[in-house]
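Okay, so here's the structure we're looking at.
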Ligand SMILES: [Zn+2]
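In the working numbering, the protein residues as written are 1069 to 1433.
This is the structure in structure tokens:
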């Protein structure tokens, strides 16, 4: 990457607890957020070797691992557990809103029709999140590795659920495998339904891939997109269009987009006026969490609490959350910044009492 790391900054206020900073995780894949213990339980139940996570020699290998995780979700009970735990883990990270990427057609007909699967995930996500202050929306995401006609079918389903739990439409998979032009029809359907448009791009491929995605799909947000840093004109276009990049630091390091976190262009993008949120991508496969991503931004990129709070604000403002929920969260972010540190310890979240969540074998730095 051509970016030169910024010099160390003043982090004098870094004793504010980042778990109490209200934030949205906009770049999260549902199955990729499975708990390690759940992965082991399912592998044991189905007498299958537990997929090895955390080290990949190629993006293909990473995708292969993801598919192995998906294959272990075989019943509606498995799906219920996954969704409930993903929501609980989001709360433990201080996330007040998540909108995971998900494709219900993957589980049809084994778990019911695509609508049945979607209804199940939305019902569990909402029910699990409500008492612990986590809002739940879904991003239905088509795969570049499938026939673009499948994307069009999925977009029609997403459009049917606009206003009923689905808030966004995305595109996943290897961006080198299929250009965005093949998905124009699908994204037009999603956009017409009022959904947020948020394809992956600018991760494995650089400026030309981002530019063609902007031209073909008119995204509101981009999952990754960090290689826009290679072209100042492209950063200007993102900044002017207020197109948010949902950035995942650990993912970019593990998958070799950057060699070291310290070389990550996040600060350069922000200083160039590009809106950025922080997301976890695949907590299971990358051994991270959205809280860990904020901690890494603080400790390894020397970001100040003001900068971290600004990214949290961007995350909720760029989300599909209801307007009053966004306003309430922004108030909470401001309170986190202004609250005295001693008050912040054990403080309440902006959406109600801080929940007592069961401890689990999650990932820490
Ligand atoms: Zn992703």
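By construction, the Cβ of each residue, glycine as well, lies at the ideal position given by its N, Cα and C atoms.
First and last residue of the uninterrupted alpha helix (DSSP H) at residue i
{"i": "residue 1393", "result": "1391-1406"}
{"i": "residue 1164", "result": "Taken as a continuous stretch (DSSP letters only), residue 1164 belongs to no alpha helix (DSSP H), being part of the beta strand (DSSP E) at 1163-1166."}
{"i": "residue 1383", "result": "1373-1385"}
{"i": "residue 1088", "result": "Unbroken run through residue 1088: none, as it is neither H nor E."}
{"i": "residue 1104", "result": "1104-1113"}
{"i": "residue 1152", "result": "1144-1160"}
{"i": "residue 1362", "result": "1358-1367"}
{"i": "residue 1336", "result": "1334-1339"}
{"i": "residue 1183", "result": "1182-1197"}
{"i": "residue 1351", "result": "1351-1354"}
{"i": "residue 1317", "result": "1317-1322"}
Within 8 Å, strictly: CB atoms of residue i and residue j
{"i": "residue 1196", "j": "residue 1151", "result": "yes"}
{"i": "residue 1089", "j": "residue 1380", "result": "yes"}
{"i": "residue 1352", "j": "residue 1100", "result": "yes"}
{"i": "residue 1305", "j": "residue 1282", "result": "yes"}
{"i": "residue 1371", "j": "residue 1337", "result": "no"}
{"i": "residue 1096", "j": "residue 1349", "result": "yes"}
{"i": "residue 1209", "j": "residue 1231", "result": "no"}
{"i": "residue 1206", "j": "residue 1255", "result": "no"}
{"i": "residue 1382", "j": "residue 1343", "result": "yes"}
{"i": "residue 1225", "j": "residue 1284", "result": "no"}
{"i": "residue 1165", "j": "residue 1389", "result": "yes"}
{"i": "residue 1202", "j": "residue 1155", "result": "yes"}
{"i": "residue 1268", "j": "residue 1296", "result": "no"}
{"i": "residue 1386", "j": "residue 1345", "result": "yes"}
{"i": "residue 1217", "j": "residue 1240", "result": "no"}
{"i": "residue 1116", "j": "residue 1140", "result": "yes"}
{"i": "residue 1272", "j": "residue 1127", "result": "yes"}
{"i": "residue 1138", "j": "residue 1107", "result": "no"}
{"i": "residue 1257", "j": "residue 1301", "result": "no"}
{"i": "residue 1094", "j": "residue 1347", "result": "yes"}
{"i": "residue 1384", "j": "residue 1398", "result": "yes"}
{"i": "residue 1253", "j": "residue 1316", "result": "no"}
{"i": "residue 1200", "j": "residue 1159", "result": "yes"}
{"i": "residue 1110", "j": "residue 1146", "result": "yes"}
{"i": "residue 1185", "j": "residue 1176", "result": "yes"}
Residues sharing a beta bridge with residue i, DSSP
{"i": "residue 1269", "result": "1292"}
{"i": "residue 1312", "result": "1289"}
{"i": "residue 1240", "result": "1211"}
{"i": "residue 1127", "result": "In DSSP, residue 1127 forms no bridge with anything."}
{"i": "residue 1234", "result": "1206 and 1230"}
{"i": "residue 1170", "result": "1208"}
{"i": "residue 1264", "result": "1236"}
{"i": "residue 1282", "result": "Residue 1282 is not bridged to any residue."}
{"i": "residue 1097", "result": "1169"}
Short CB-CB distance (under 8 Å) between residue i and chain B
{"i": "residue 1278", "result": "The structure shown has no chain B; it contains just one protein chain."}
Classification of residue i by the beta-carbon crowding that lies within 10 angstroms, buried from 16 upward
{"i": "residue 1091", "result": "buried"}
{"i": "residue 1363", "result": "buried"}
{"i": "residue 1084", "result": "buried"}
{"i": "residue 1123", "result": "exposed"}
{"i": "residue 1411", "result": "Note on residue 1411: pLDDT 49, under 50, position unreliable in the model; the coordinate value appears next. Label assigned to residue 1411: exposed."}
{"i": "residue 1249", "result": "exposed"}
{"i": "residue 1319", "result": "buried"}
{"i": "residue 1429", "result": "Caution applies to residue 1429, whose pLDDT of 29 falls short of 50 and renders its modelled position unreliable; the value that the coordinates give is listed next. Exposed: under 16 other Cβ atoms inside 10 Å."}
{"i": "residue 1341", "result": "exposed"}
{"i": "residue 1314", "result": "buried"}
{"i": "residue 1244", "result": "exposed"}
{"i": "residue 1135", "result": "exposed"}
{"i": "residue 1321", "result": "buried"}
{"i": "residue 1365", "result": "buried"}
{"i": "residue 1374", "result": "exposed"}
{"i": "residue 1357", "result": "buried"}
{"i": "residue 1395", "result": "exposed"}
{"i": "residue 1262", "result": "exposed"}
{"i": "residue 1406", "result": "exposed"}
{"i": "residue 1119", "result": "buried"}
Range of the contiguous beta strand (DSSP E) that encloses residue i
{"i": "residue 1207", "result": "1206-1211"}
{"i": "residue 1093", "result": "1091-1093"}
{"i": "residue 1345", "result": "1344-1346"}
* Any residue whose CB is nearer than 6 Å to a heavy atom belonging to ligand 1, listed in chain order -> 1095, 1097, 1268, 1291 and 1349
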